[in-house]
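72 is the number that the numbering used here gives to position 72 of the sequence shown; each next residue is one higher, with no gaps.
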Amino acid sequence: MRPTPYTRLACFALALCALAAGCSISPKPEPPTAKPKVEMGSVVTKPTNSYGNCVVAGDPGAVDTVGAIVRIYDLDNDQPAAEGLVKPDGSFSIELFLTDGDELRLQVIADIGRSEPIDAIATECGKALKLSTHALGDCLLVSPQAELDLAKGQSLEVANHCASSVQIEAPAARVAVPGLTVGQGGTWPAVLAPGSSVQVQVSFQPGGVAEEIVFIEASSPQQDRRPITVIAGP
């Protein structure tokens, strides 16, 4: 059956509609590609009825990725990471055992990726967290700076850009984990002259997806600790 002029006109109109910006046929929205973000100004600590326990809470809008997981490590004890779910309003609440002065590492894990790790000091339960600082600042550089994905690399570089030598102690994990070794094959402590660097080898074979924190610590000319999240996969 041959198409009539009216049929051809209708097909032409539909084609124009699909191309027009104001047409009701809308493309599917692209999924977000940015990493999750945390507004630390909206994160506070709150006391609980349990001795020594404290709630780290994000006010509404603290995290921009609904349904993501907020993971918190206490870098000053050997307890497992504590986790909580981001609610529809962007808030979260996580209870964990804290001592005043403990350093925490907070990170958001979502399908679109992982936020940059954020380190903060719990000065006192019931008060705002205080972002961590480093005694040697930017003159002691660790690369990658905060997170090592072993699928992309198996070593850390510690570089001394300070005016004086820096002594690096033997790298160590936050807790002993089967299959995790750090600094193997190196000579520790290592004294880095200005402008020099050292490679720190990291191996993690837990038999499944896993992560843990390792520390790069300087003892001279000032004490300085750099936590690195190590991520391993099967």
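Beta carbons are placed, not taken as given, at the ideal position from N, Cα and C, and that holds for glycine.
Tell whether a beta-carbon distance below 8 Å holds between VAL202 and ILE216. No, they are not a contact pair.
CB-CB length for VAL66 against PHE92, believed under 8 Å: No, VAL66 and PHE92 are not in contact; Cβ-Cβ is about 10 Å, not under 8 Å.
Buried or exposed: which applies to ASP119, given that a residue is buried once 16 or more other Cβ atoms fall within 10 Å of its Cβ? buried
Output needed for ALA146: all residues of its chain with C-beta closer than 7 Å, excluding positions within five of it in sequence on either side, in chain order. GLU116, PRO117, ILE228 and THR229
Measuring straight from C-alpha to C-alpha, what distance separates TYR73 and ALA218? Per the coordinates, the alpha-carbon of TYR73 lies some 21 Å from the alpha-carbon of ALA218.
Simplified DSSP assignment, three categories, for ASP76: coil
Residues near ILE69 by beta carbon distance below 8 Å, same chain, minus five either side: Taken in chain order, the residues that qualify are GLU83, GLY84, LEU85, VAL86, VAL108, ILE109 and ALA110.
Cβ distance (whole Å) where GLY179 is taken to contact GLN205 below 8 Å: About 4 Å separates the Cβ atoms of GLY179 and GLN205, confirming a contact at the 8 Å cut-off.
Nearest neighbour of GLY58, chosen from VAL214, PRO36, VAL166 and GLY41 [CA to CA]: Answer by Cα proximity: GLY41.
8 Å Cβ cutoff met for ALA172 and VAL142: no
From the DSSP secondary-structure annotation, give me the bridge partner or partners of ASP102. ALA122
Can you tell which of ASP76, ILE94 and LYS35 has the C-alpha that lies nearest to the C-alpha of LYS46? ILE94
Please state the DSSP three-state secondary structure of CYS139. helix
Burial state of ALA176, where buried means 16 or more other Cβ atoms lie within 10 Å: exposed
ASP76 and LEU136 closer than 8 Å at C-beta: no
For a test of the three-state rule: what should DSSP assign to SER240, helix, strand or coil? It is not possible to answer for residue 240, since the shown part of the chain is limited to 1 through 234.
Excluding the 5 residues preceding and the 5 following VAL166 in the sequence, name in chain order all residues of the same chain whose CB lies nearer than 8 Å to its CB. LEU136, LEU140, ASN160, VAL191, LEU192, ALA218, SER220 and PRO221
Report yes if the CB atom of LEU106 is closer than 8 Å to the CB atom of ALA122, and no otherwise. no
State yes or no: is the C-beta of VAL44 within less than 8 Å of the C-beta of ALA128? yes
When the Cα of GLU169 is compared with those of ALA81, GLY183, PRO189 and PRO194, which residue comes out closest? PRO189
Nearest CA to the CA of VAL182: which residue from GLU212, ASN49, GLU124 and ASN53? GLU212
Taking only three categories from DSSP, how would you classify SER42? helix
Which class does LYS152 belong to by DSSP, given the choice of helix, strand or coil? coil
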